[in-house]
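To start, the structure under review is shown below, and the notes come after it.
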Amino acid sequence: MPEMKPWHEQDIFWETVAPVLFTQQRWSDASAEVDKVLSLLRLTPGTHILDLCCGMGRHSLEMARHGFRVTGVDRTRFYLDRASEQAEIEGLSVEFVQDDMRTFCRPDTYDGVVSLFTSFGYFEDPEDDRQVAMNVYQSLKSGGNFLMELMGKEVLGRIFQERDWDEENGTFILQERKVSSNWDWMENRWIVFKDNSRTEFKVSHRLYSATELTALLAACGFEHIDVYGDLAGNAYDHTAERLVIVARK
Ligand SMILES: C[S@@+](CC[C@H](N)C(=O)[O-])C[C@H]1O[C@@H](n2cnc3c(N)ncnc32)[C@H](O)[C@@H]1O
Numbered sequence: 068m069p070e071m072k073p074w075h076e077q078d079i080f081w082e083t084v085a086p087v088l089f090t091q092q093r094w095s096d097a098s099a100e101v102d103k104v105l106s107l108l109r110l111t112p113g114t115h116i117l118d119l120c121c122g123m124g125r126h127s128l129e130m131a132r133h134g135f136r137v138t139g140v141d142r143t144r145f146y147l148d149r150a151s152e153q154a155e156i157e158g159l160s161v162e163f164v165q166d167d168m169r170t171f172c173r174p175d176t177y178d179g180v181v182s183l184f185t186s187f188g189y190f191e192d193p194e195d196d197r198q199v200a201m202n203v204y205q206s207l208k209s210g211g212n213f214l215m216e217l218m219g220k221e222v223l224g225r226i227f228q229e230r231d232w233d234e235e236n237g238t239f240i241l242q243e244r245k246v247s248s249n250w251d252w253m254e255n256r257w258i259v260f261k262d263n264s265r266t267e268f269k270v271s272h273r274l275y276s277a278t279e280l281t282a283l284l285a286a287c288g289f290e291h292i293d294v295y296g297d298l299a300g301n302a303y304d305h306t307a308e309r310l311v312i313v314a315r316k
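When you read off a place in the sequence shown, starting at 1, and then add 67, the result is the number in my numbering.
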């Protein structure tokens with residue numbers, strides 16, 4: 068039996084869940100999200116941004132519309148093709164690169180790097196996460212910022228639901244969640260119903276608290292690390308919706 072690749076390395080996973088991940092609402096939300104991201108990054112048009120794990124380019128395309136030079140990196144060819152098609156339709160110049168976040172590194176190139184919508188923490192070996200953060204550190208110019216936006220451990224603990232389901236454009240996803248006993252890892256079972264077929268995936272990822280992620284970034288050399296509870300820059304307190312970190316090289 069050939070060894071199964073982890074969920075995040077399977078094209079079939081990303082293709083199957085795309086309608087539920089990238090809903091019309093999420094495409095619309097991207098515009099306001101980019102405004103907030105740019106304000107937290109304090110960047111002016113013309114500067115160079117890396118959108119790490121850019122998916123179908125929701126944010127890359129919007130940043131290009133604002134006049135930024137953008138590189139979008141993602142492993143999934145299918146997503147990058149959609150992103151490139153949209154860029155061409157709009158006459159936008161965006162560099163889309165197929166690569167793995169564990170290996171993509173362009174020393175001293177970017178004024179800002181973003182990792183949005185929980186695109187970090189996928190790997191079983193925590194050293195891989197550290198390698199990703201090191202790649203980002205090296206790819207930033209001195210004084211550049213890295214912005215991460217993900218589901219923080221503290222937020223998850225507050226809103227945790229063992230089971231729920233979601234429906235979008237005829238695709239149904241049923242999710243069952245389990246957290247490891249030391250709260251460092253989450254195992255989800257995703258059952259997807261689409262076009263009369265049923266597919267099941269094991270979707271797992273590392274859970275980071277604000278303190279743990281701050282420590283990881285500090286160990287890579289980042290300084291001036293700020294923590295927020297959303298992209299608007301509100302506090303990461305008991306009302307926080309997301310974990311947002313801005314770390315300066
Ligand atoms: C939750 S989606 C977020 C996409 C995008 N940031 C957005 O907000 O629309 C995570 C993305 O990470 C990409 N991805 C997963 N593993 C990756 C890896 N090792 N290297 C690069 N991209 C990866 C997937 O293809 C997917 O597009």
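All residues carry an ideal CB built from backbone N, CA and C; glycine is no exception.
Everything numeric in this text was worked out from a predicted model, so none of it was measured.
Tell me, please, whether the region 204-223 touches the region 97-111 by the rule of three or more beta-carbon pairs shorter than 8 Å.
yes
Return the CA-CA distance between residue 80 and residue 276, expressed in angstroms with no decimal places.
Looking at the two C-alpha atoms, the distance is approximately 27 Å.
For residue 164, is the classification buried or exposed, using 16 other Cβ atoms within 10 angstroms of its Cβ as the cut-off for buried?
Per the 10 Å Cβ criterion, exposed.
What are the uninterrupted segments assigned as alpha helix (DSSP H) that are 4 or more residues long and contained completely in the region 226-256, given in chain order?
List check, alpha helix (DSSP H) in window: nothing returned.
Whole angstroms are fine: how far does the CA of residue 272 sit from the CA of residue 264?
When rounded, the separation of the alpha-carbon atoms in residue 264 and residue 272 is 26 Å.
Counting beta carbon pairs with one atom in the region 191-203 and one in the region 134-143, are three or more of them shorter than 8 Å?
no
Can you find the residues in the same chain that come closer than 7 Å, C-beta to C-beta, to residue 146, ignoring five residues on each side of it along the sequence?
Cβ neighbours of residue 146 beyond the five flanking positions: 81, 122 and 123.
Here's the rule: buried if 16 or more other CB atoms are within 10 angstroms of the residue's CB, otherwise exposed. What is residue 83?
buried
Just verifying my parser: in three-state terms, what is the DSSP assignment at residue 302?
Here DSSP, grouped into helix, strand and coil, assigns residue 302 to coil.
Comparing alpha-carbon positions, which option in 293, 97 and 206 lies nearest residue 314?
For residue 314, the closest C-alpha among the options 293, 97 and 206 is that of 293.
Rounded to a whole number of angstroms, what is the C-alpha to C-alpha distance between residue 248 and residue 254?
11 Å
DSSP state of residue 213 mapped onto helix, strand, coil:
Looking at residue 213 - three-state DSSP - the assignment turns out to be strand.
Assign residue 160 to one of three DSSP states: helix, strand, or coil.
coil
What span of residues does the alpha helix (DSSP H) with residue 103 cover, start to end?
91-108
What residue from 233, 252, 197 and 240 has the CA that sits closest to residue 223's CA?
252
Mind checking whether residue 307 and residue 300 have CB atoms under 7 Å apart?
Not a contact, by the Cβ cut-off of 7 Å.
C-alpha gap between residue 127 and residue 161, whole angstroms
Going by the C-alpha atoms only, they are around 7 Å apart.
Residue 153 versus 125, 270 and 144, residue with shortest Cα-Cα distance:
125
Just to confirm before moving on: does the CB-CB distance between residue 27 and residue 148 stay below 7 Å?
With the chain running from 68 to 316 in the structure shown, residue 27 is simply not present.
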